[in-house]
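Chemist: The structure's right below; bear with me while I get my questions together.
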Amino acid sequence: MIEAANRLQTVEEYYFSKKLREVSLLIASGKPIINLGIGSPDLQPPQRVVEAIKEGLLDPSAHKYQSYQGLPELREAITGFYKTHFSVSLSSSTEVLPLMGSKEGIMHISMAYLNEGDAVLIPNPGYPTYQSVTKLVGATPVFYELDEANNWLPDFNALEQLDLSKVKLMWVNYPHMPTGAKSNTHLFEKLVAFGKRHNILIVNDNPYSFILNDDPKSILSVAGAKDVCLELNSLSKTFNMAGWRVGMVVGDSKHINNILKVKSNMDSGMFYGIQKGAIEALKCSEMWFVTLNSVYARRRDLVWQLADALNCTYDKNAMGLFVWAKLPGDLKAEAYIDSVLKNNHIFITPGTIFGSKGEGYIRFSLCASNEVLEEAIKRIK
0 MIEAANRLQT VEEYYFSKKL REVSLLIASG KPIINLGIGS PDLQPPQRVV EAIKEGLLDP
60 SAHKYQSYQG LPELREAITG FYKTHFSVSL SSSTEVLPLM GSKEGIMHIS MAYLNEGDAV
120 LIPNPGYPTY QSVTKLVGAT PVFYELDEAN NWLPDFNALE QLDLSKVKLM WVNYPHMPTG
180 AKSNTHLFEK LVAFGKRHNI LIVNDNPYSF ILNDDPKSIL SVAGAKDVCL ELNSLSKTFN
240 MAGWRVGMVV GDSKHINNIL KVKSNMDSGM FYGIQKGAIE ALKCSEMWFV TLNSVYARRR
300 DLVWQLADAL NCTYDKNAMG LFVWAKLPGD LKAEAYIDSV LKNNHIFITP GTIFGSKGEG
360 YIRFSLCASN EVLEEAIKRI K
């Protein structure tokens, strides 16, 4: 028998990969399941973006291999976007690398910087892929706990008490997923100083800045951040382009070059038409964000009503594509969401998939229409 690699013993199949199979079986059996679990935007991208990919299909060069670094026009659009929205200046030739979704950037960065035995600071609760990729490359996860009492921000006093001697990389994610905690300049300044003090590469995963947030921030706006920081970003949530798989990593040229060494051995460039569509998306006016967020604001109001019906509490100042809600009493998240799925045919994400600090919490996605959310409220009431 041909055995799988040992590294697969360190990780499990992604939660949503397994759970959505269960949901699909329920739907196939005739159950009217409402899926409020996953953050896959159901709205359309800007029309000009769709038109750009259509036109790209007819370009004579569309079907050739593309540059590992992306079209020059795409890199210039990324730098323009960062200048306009974050007041961050970047070199389009050396400080930007387009990605096939920011998720692949987590693997590329980890492969570029981590050796077996290195340690990685990972938020708890936090995006599960940080932990799984760390294990896949043979590094050791070191969790730093986030707590509602501290607004889900890092406790730097607690961080300084950890053994940081082997820590090489730290994942941060603000605006935070799953809690919706806001970023702020003071936090980023403390992170940059922490990274410099301990020679740790800080990576801010930043795909939610423009969803229900009127003050987008980048960690690279802090003086000296490029010395020890990278930032991942994505078009998935901001422009409803999740299936297009377009993201980016930005930062100092030495870091970008190291990541490119990995990426150039793992793909042969992003499809030309998708790059042309991404360019148009990044040029969208402020009206795009206003319109998008007006839709999400109404949906969030309805999700708050749903959370109220379930006797949950939540932070109305949180941002992003989800509502993070605390269950009443001592209810366990996974047992609770299984009960709601069975009895009300509504799928909600249990907080525990984001780490032990997610116990007692559930996460609602805003990626459902008003009509679907109203139906969910009726089922609970």
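Note that numbering that gives the first Met the number 0 has the sequence shown beginning at 0, numbered continuously upward. All C-beta atoms in this analysis are idealised placements derived from N, C-alpha and C, irrespective of residue type, glycine included.
1) Helix or strand or just coil, what does DSSP make of E333?
2) Contact between the region 199-216 and the region 59-70 is defined here as three or more beta-carbon pairs at a separation below 8 Å; is this criterion met?
3) Is it buried or exposed, K225, if we count other Cβ atoms within 10 angstroms and call 16 or more buried?
4) Quick one: residues in its chain with C-beta nearer than 8 Å to the C-beta of S394, no 5 flanking neighbours on either side, listed in chain order?
5) Is it buried or exposed, A157, if we count other Cβ atoms within 10 angstroms and call 16 or more buried?
6) Can you tell me which of A280, V227 and A324 puts its alpha carbon nearest to the alpha carbon of V49?
7) Based on the DSSP output, what are the partners of I33 in its beta bridges?
8) Answer with yes or no whether the minimum CB distance from Y67 to chain B is below 8 Å.
9) Looking at G242: is its Cβ nearer than 8 Å to the Cβ of I52?
10) Could you round the C-beta distance between N205 and L231 to whole angstroms and report it? I think they count as a contact, below 8 Å.
11) What's the gap between the Cα of Y81 and the Cα of E358?
12) Return helix, strand or coil for S364, following the three-state DSSP convention.
13) Would L42 pass as a contact of V294 if the rule is Cβ separation under 8 Å?
14) Looking only at its own chain, which residues have a Cβ that is under 7 Å from the Cβ of S263, when we skip the five neighbours before and after it?
15) Using the C-alpha atoms, what's the distance from V10 back to V132?
16) Hey, would you say M176 sits closer than 8 Å to L120, going by beta carbons?
17) Return the Cβ separation of M0 and D266 in integer angstroms, given the expectation that the two are a contact with Cβ distance under 8 Å.
18) A3 to Y129, Cα distance in whole Å?
Modeler: Inspection of the coordinates gives the following:
1) helix
2) no
3) buried
4) In the structure as shown, the chain starts at 0 and stops at 380, and residue 394 therefore has no counterpart that could be examined.
5) exposed
6) A280
7) I345
8) Looking for chain B here will not work: only one protein chain is present.
9) no
10) 6 Å
11) 36 Å
12) strand
13) yes
14) Y67
15) 9 Å
16) no
17) That pair is no contact at about 31 Å.
18) 22 Å
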